[in-house]
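Enquirer: The letter at position 75 of the sequence shown is residue 71 when you use the working numbering, and the numbering goes up by one with no holes.
From the three backbone atoms N, C-alpha and C, an ideal C-beta is built for every residue, glycine too.
It should be emphasised that the depicted structure is a prediction, and the values quoted were computed from it without experimental measurement.
To start, I am sharing the structure in question, which I have written as C-alpha cells.
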Amino acid sequence: MPEAVSDNAGSTVVDPTRPQRSSPARAAACEMLEIASEAAMRLYYAPGACSLAPHIVLREADRRFDLERVDLKTHRTASGVDFFTINRKGYVPALQLDGPGSPILTEVPAIVQYIADLAQDERLAPPSGTFARYHLQEWLNFIATELHKKFGLLFDRAIPAAVAEHVRGAIGGRLLYLQDALDDRAFLMGETFTVADAYLFVMLQWCPLHGIDLGLYPNLDDYESRIARRPAVQAALAAEGLLEHHRYRRSA
Ligand SMILES: N[C@@H](CCC(=O)N[C@@H](CS)C(=O)NCC(=O)O)C(=O)O
C-alpha cells in the first residue's frame, strides 16, 4: 500500500501508484472523466460513517487523495469550513474532484463508481454498459436502500424502542439474504472484491453498534473478516482511527 502522510488539518495525502488495467470501453469512459485524472481529490468524511466506503475504494484504486474530517454535529470541516457550503445536503461523503472550487460529487454509489472508473480497474467495477455493471448497481442499490437507510433510522436515538426492534428485524432479514448469497462466492460479484463489497463492509461494521450479532450469519462473518484483512481496508481503518475498535482486532 502507498504510504499515508497526515497534516495538522486532519488531512491525509496518499502517494499515487495507479493500476494499469485497461480496456477500450474503460478508455472511452475515462475520456469523459478527465476532470480529476491526475489531481488530488478531497474526500470529506466522518470516522466510521458511510464515507468509509469511498475511502476504502480510493485506497484500493491507489488514487492520490486528501481526507478532510467533518464534524457531523457542528457541520464544520477540520479546516473550519461550513460543510453545508460544500454539500448542501449536509452529509458525508462528499468528493471534491479537483481542488478548491472544482465540482463535488455526493452519494456513496455514485462516488465509488466514479473512483473505480477513474482507476480503470475492472476488478473494482465492471465496465459501464455491461450486464455485470448493472448487476453491481443492483447490489449498490440494495445496500443503499435495504441496509444503509434502515441503519440510518437506528442511529436516530429519538425513535421508539418498538420501531427500532422492528427495523433490526428487517435488517436481519436482509442479512439472511446476504448469508445465502455468499454461500457460493467470496464477494458479492463473485471471486473479486468490488466497490459493492466496500459499501457492504461498512454496513457490517454498524451491526454490533445496534445489537445485531454477525455471528448468526457465518458467511457474512467470514466475509467481513476477509475484507477487514485487505491492506487498503486496514489503511483506511487506521487513517480514520478505527483500527483499535475493529471487531476483529484481537489482543494477544
Ligand atoms: N444518501 C447518502 C446518505 C449519506 C449519509 O447517510 N451520511 C451520514 C453518515 S453515514 C451523515 O453524514 N449523516 C449526518 C447528517 O445527515 O447530517 C449517500 O449515499 O451518500
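Determine the extent of the beta strand (DSSP E) in which A90 is found, giving its start and end residues.
Expert: Residue numbering aside, residue 90 sits at position 94 when the sequence shown is read from its first letter. Here the beta strand (DSSP E) through A90 covers A90 to Q92.
Enquirer: Quick one: is the Cβ of T188 within less than 7 Å of any heavy atom of ligand 1?
Expert: Translated into the one-based positions of the sequence shown, residue 188 becomes position 192. Because no heavy atom of ligand 1 lies under 7 Å away, the Cβ of T188 does not count as near it: no.
Enquirer: Thinking just about the alpha-carbon of each residue, which of C203, D78 and E134 is nearest to the one in P105?
Expert: Here residue 105 is taken as the residue at index 109 of the sequence shown, counted from 1. Comparing Cα positions, the closest option is E134.
Enquirer: Please report the residue range of the alpha helix (DSSP H) in which I208 lies.
Expert: In the sequence shown, residue 208 corresponds to position 212, counting from 1. It is not in any alpha helix (DSSP H) - I208 carries neither H nor E in the DSSP assignment.
Enquirer: Regarding Y110 and ligand 1, is the C-beta to nearest heavy atom distance less than 7 Å?
Expert: What you label residue 110 is simply residue 114 of the sequence shown in a count that begins at 1. No, the beta carbon of Y110 sits no closer than 7 Å to any heavy atom of ligand 1.
Enquirer: Is any heavy atom in ligand 1 found nearer than 7 Å to the beta carbon of V104?
Expert: To locate residue 104, count along the sequence shown from 1; it is residue 108. For ligand 1, at least one heavy atom lies less than 7 Å from the Cβ of V104.
Enquirer: Can you tell me where the beta strand (DSSP E) with L249 in it begins and where it stops?
Expert: For residue 249 there is no data in the structure shown, the boundaries of the chain being -3 and 248.
Enquirer: Let me confirm a value: D67 is counted as buried when at least 16 other C-beta atoms fall within 10 Å, else exposed. Which label applies?
Expert: Taking the first residue of the sequence shown as position 1, residue 67 is located at position 71. Result: exposed.
Enquirer: Look at I52 and A234 and say whether their C-beta atoms are less than 8 Å apart.
Expert: Residue numbering aside, residue 52 sits at position 56 when the sequence shown is read from its first letter. Residue numbering aside, residue 234 sits at position 238 when the sequence shown is read from its first letter. Against a cut-off of 8 Å, the Cβ pair of A234 and I52 comes out as no contact.
Enquirer: Looking only at its own chain, which residues have a Cβ that is under 7 Å from the Cβ of A140, when we skip the five neighbours before and after it?
Expert: Indexing the sequence shown from 1 puts residue 140 at position 144. V104 and P105, listed in sequence order.
Enquirer: How far does the beta strand (DSSP E) with Y41 in it reach, from first residue to last?
Expert: Position 45 of the sequence shown, counted from the first residue, corresponds to residue 41. Run containing Y41: M37 to Y41, per the beta strand (DSSP E) assignment.
Enquirer: Run through DSSP, which three-state label would G186 get?
Expert: Here residue 186 refers to the residue found at position 190 when the sequence shown is read from its first residue. Three-state result, G186: strand.
Enquirer: Return helix, strand or coil for V77, following the three-state DSSP convention.
Expert: Here the question's residue 77 lines up with position 81 in the sequence shown. Reduced to three states, the DSSP call for V77 is coil.
Enquirer: May I ask you to check if the CB of P43 is nearer than 7 Å to at least one heavy atom of ligand 1?
Expert: Position 47 of the sequence shown, counted from the first residue, corresponds to residue 43. No, the Cβ of P43 stays beyond 7 Å of every heavy atom of ligand 1.
Enquirer: Assign V159 to buried or exposed, taking buried as 16 or more other Cβ atoms, counted over all protein chains shown, within 10 Å of its Cβ.
Expert: Mapped onto the sequence shown, residue 159 falls at position 163. That one is exposed.
Enquirer: Please report the distance separating the alpha-carbon of L117 from that of L238.
Expert: For the purposes of this step, residue 117 is identified with residue 121 of the sequence shown, where counting begins at 1. For the purposes of this step, residue 238 is identified with residue 242 of the sequence shown, where counting begins at 1. It should be noted that the sequence gives Asp, not Leu, for residue 117. Cα-Cα distance, rounded: 27 Å.
Enquirer: Tell me which same chain residues have a C-beta within less than 8 Å of the C-beta of P214, skipping the five on either side of it?
Expert: Within the sequence shown, residue 214 is the residue found at index 218, counting from 1. For P214, where only same-chain residues beyond five positions count, the Cβ hits under 8 Å are Q175.
Enquirer: For G148, verify whether its CB is less than 7 Å away from any heavy atom of ligand 1.
Expert: Start at 1 with the first residue of the sequence shown, and residue 148 comes out as number 152. True, at least one ligand heavy atom lies under 7 Å from that Cβ.
Enquirer: Once the 5 residues before and after A166 are set aside, which same chain residues still bring their CB inside 7 Å of it?
Expert: Stepping through the sequence shown from its first residue, residue 166 is reached at position 170. These residues qualify, in order along the chain: K146.
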